[in-house]
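A.B. asks: Got a structure for you, written out below as structure tokens; questions coming shortly.
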Amino acid sequence: MKQYLDLMQHVLENGVEKTDRTGTGTRSIFGYQMRFDLAEGFPLVTTKKCHLRSIIHELLWFLKGETNVTYLRENGVSIWDEWATEAGELGPVYGAQWRSWRGPNGEVVDQIKDLIQAIKTTPDSRRLLVSAWNPAVLPDTSKSPRANAEAGKQALPPCHTLFQFNVADGKLSCQLYQRSADIFLGVPFNIASYALLTLMVAQVCNLKPGDFIHTFGDAHLYSNHLEQAKEQLSRKPYPLPGMLLNPEVKDIFSFTFDDFSLQDYQAHPHIKAPVAI
Ligand SMILES: Nc1nc(=O)c2c([nH]1)NC[C@@H]1CN(c3ccc(C(=O)N[C@@H](CCC(=O)O)C(=O)O)cc3)CN21
Ligand SMILES: O=c1ccn([C@H]2C[C@H](O)[C@@H](COP(=O)(O)O)O2)c(=O)[nH]1
124 MKQYLDLMQH VLENGVEKTD RTGTGTRSIF GYQMRFDLAE GFPLVTTKKC HLRSIIHELL
184 WFLKGETNVT YLRENGVSIW DEWATEAGEL GPVYGAQWRS WRGPNGEVVD QIKDLIQAIK
244 TTPDSRRLLV SAWNPAVLPD TSKSPRANAE AGKQALPPCH TLFQFNVADG KLSCQLYQRS
304 ADIFLGVPFN IASYALLTLM VAQVCNLKPG DFIHTFGDAH LYSNHLEQAK EQLSRKPYPL
364 PGMLLNPEVK DIFSFTFDDF SLQDYQAHPH IKAPVAI
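For what it's worth, the numbering used here labels the leading residue of the sequence shown as 124, then goes sequentially.
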């Protein structure tokens, strides 16, 4: 995971101090790209132990089209709790935009179903995109995330905003545009999540996995994560683990938690950090 450590080092050395919405303060850069060849192993950070369980459940929850944290809570995942209403609602966040984007005439667009169909039938297409950025449901920034979710708006505007697939040489690559990135807490989740999604889409489309390309807008280290970042940079990365998917699954919506098996994950101890709300 040299790519991830290079990003951290780059932001520590070149980041500009910025105030931010959460009042925490960040060291930030604008515009950066990382590339992971998925044939080289599964890109799960090894310089701190990462909770792949939470990452898998979060991705399955997006793919179900859900926006209520009940499924996550039932599976012991609490990463979205701080932004949810008492009833567990987050408003029309990722799941809603991916699976049921509302069109102007009341039509419902399933972007994931359409994407899979398009990859299978027109693999040369340059239009294999999914957008979570829907200006009609962005939150009212004068209100709290919970108040926005109560009002039917997104609790938070999507951070992983747009992704595009590309097929070349029988290999499927995916590029994500992430408008805002919490390098210490969010990014290890985001890399693993999109790498996994690419493996899943490749399998159901009978393609080999290619690259995951991670493009950033504002990539930042929160001021209360700097020591944790330096601690991570002092550690030597282990070889990447492997990821096996149940080869029987041929439908993107049929994957369940037990269809994933992480192989030979060796990691340094977990490092705690407070999440900026
Ligand atoms: N400031 C901030 N950073 C984020 O990464 C983030 C948000 N807000 N808001 C929405 C989602 C929620 N995500 C989160 C939230 C918390 C953790 C977190 O606390 N991770 C810990 C514990 C992991 C676990 O419980 O499984 C970690 O050490 O990785 C990670 C991603 C990513 N997003
Ligand atoms: O998947 C995610 C979701 C969120 N984040 C981070 C990026 C920012 O630190 C916050 C969101 O705050 P904004 O003011 O809306 O940018 O959450 C992430 O890294 N990954």
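Even for Gly, the Cβ is constructed at its ideal location relative to N, Cα and C.
All values derive from a computational prediction rather than experimental measurement.
When the Cα of Thr208 is compared with those of Phe383, Phe153, Asn198 and Ala270, which residue comes out closest?
C.D. replies: The shortest C-alpha separation from Thr208 is found at Ala270.
A.B. asks: Please name the residue in Asp334, Ile178 and Leu213 whose C-alpha comes closest to that of Pro280.
C.D. replies: Here the closest residue by C-alpha is Leu213.
A.B. asks: Which term fits Lys373, buried or exposed, when burial requires 16 or more other beta carbons within 10 angstroms of its beta carbon?
C.D. replies: By the 10 Å Cβ count, Lys373 comes out exposed.
A.B. asks: Under the criterion of a Cβ to heavy atom distance below 7 angstroms, does Asp374 qualify as lining ligand 1?
C.D. replies: No; taking the cut-off as 7 angstroms, the Cβ of Asp374 has no heavy atom of ligand 1 nearer than that.
A.B. asks: With respect to the beta strand (DSSP E) encompassing Tyr300, which residues constitute its N-terminal and C-terminal limits?
C.D. replies: Per DSSP, Tyr300 belongs to the beta strand (DSSP E) from Lys294 to Asp305.
A.B. asks: Count the other CB atoms within 10 Å of the CB of Asn228; is the residue buried (16 or more) or exposed (fewer)?
C.D. replies: By the 10 Å Cβ count, Asn228 comes out exposed.
A.B. asks: My guess is that Ala318 and Leu130 are in contact by the Cβ rule of under 8 angstroms, so how many angstroms apart are they, rounded?
C.D. replies: Rounded, the Cβ-Cβ distance is 15 angstroms, inconsistent with contact.
A.B. asks: How big is the Cα-Cα spacing for Phe307 and His348?
C.D. replies: Those two C-alpha atoms are separated by around 7 angstroms.
A.B. asks: Less than 7 angstroms between the CB of Val260 and some heavy atom of ligand 2, yes or no?
C.D. replies: Val260 Cβ: outside cutoff for every heavy atom of ligand 2.
A.B. asks: Quick check on DSSP: helix, strand or coil for His391?
C.D. replies: It is coil, neither helix nor strand.
A.B. asks: With distances taken from CA atoms, which of Val216, Ala291, Thr149 and Val200 is nearest Asn329?
C.D. replies: Of the candidates Val216, Ala291, Thr149 and Val200, the one whose C-alpha sits nearest the C-alpha of Asn329 is Ala291.
A.B. asks: Starting from the Cα of Leu396, find the closest Cα among Tyr345, Ala390, Phe378 and Asp387 and give me that residue.
C.D. replies: Per the sequence shown, residue 396 should be read as Ala rather than Leu. Residue Tyr345 is the option with its Cα nearest to Ala396.
A.B. asks: Identify which residue in Glu140, Tyr155 and Leu135 has its Cα closest to the Cα of Ala352.
C.D. replies: If we check each option's Cα against that of Ala352, Leu135 comes out closest.
A.B. asks: With a cut-off of 8 angstroms on the beta carbons, I'd call Ile242 and Phe288 a contact; round off their distance for me.
C.D. replies: Right, the Cβ-Cβ distance comes to about 6 angstroms (below 8 angstroms), so this counts as a contact.
A.B. asks: Residues in its own chain within less than 8 angstroms of Val327 by CB, not counting five upstream and five downstream?
C.D. replies: Closer than 8 angstroms at the Cβ level, and outside the excluded window around Val327, lie Ile239, Val372, Lys373, Asp374 and Ile375.
A.B. asks: Buried or exposed: Leu367, going by 16 or more other Cβ atoms within 10 Å of its Cβ?
C.D. replies: Its Cβ having fewer than 16 others within 10 Å, Leu367 is exposed.
A.B. asks: Is His393 close to ligand 1? I mean its beta-carbon at under 7 angstroms from any heavy atom of the ligand.
C.D. replies: Yes; taking the cut-off as 7 angstroms, the Cβ of His393 has a heavy atom of ligand 1 nearer than that.
A.B. asks: Considering Asp160, what are the terminal residues of the beta strand (DSSP E) in which it resides?
C.D. replies: Counting along the chain, the beta strand (DSSP E) containing Asp160 begins and ends at Thr149 to Asp160.
A.B. asks: In angstroms with no decimal places, state the Cα-to-Cα distance between Gln126 and Tyr155.
C.D. replies: Cα-Cα distance, rounded: 11 angstroms.
A.B. asks: Just list the residues that DSSP pairs Gln287 with in beta bridges.
C.D. replies: Leu252 and Gln298, per the DSSP bridge assignment.
A.B. asks: Would Leu195 and Glu205 be called neighbours here (beta carbons separated by less than 8 angstroms)?
C.D. replies: For Leu195 and Glu205, no; Cβs fall outside 8 angstroms.
A.B. asks: Exposed or buried, which one is Pro166 when buried takes at least 16 other CB atoms within 10 Å?
C.D. replies: By the neighbour-count rule (16 or more Cβ atoms within 10 Å), Pro166 is buried.
A.B. asks: Can we count Ala390 as close to ligand 1, meaning its CB is less than 7 angstroms from some heavy atom?
C.D. replies: No, Cβ of Ala390 sits at least 7 angstroms from all heavy atoms of ligand 1.
A.B. asks: Quickly, what does DSSP pair Trp184 with across the bridge? List them, please.
C.D. replies: According to DSSP, Trp184 bridges with nothing at all.
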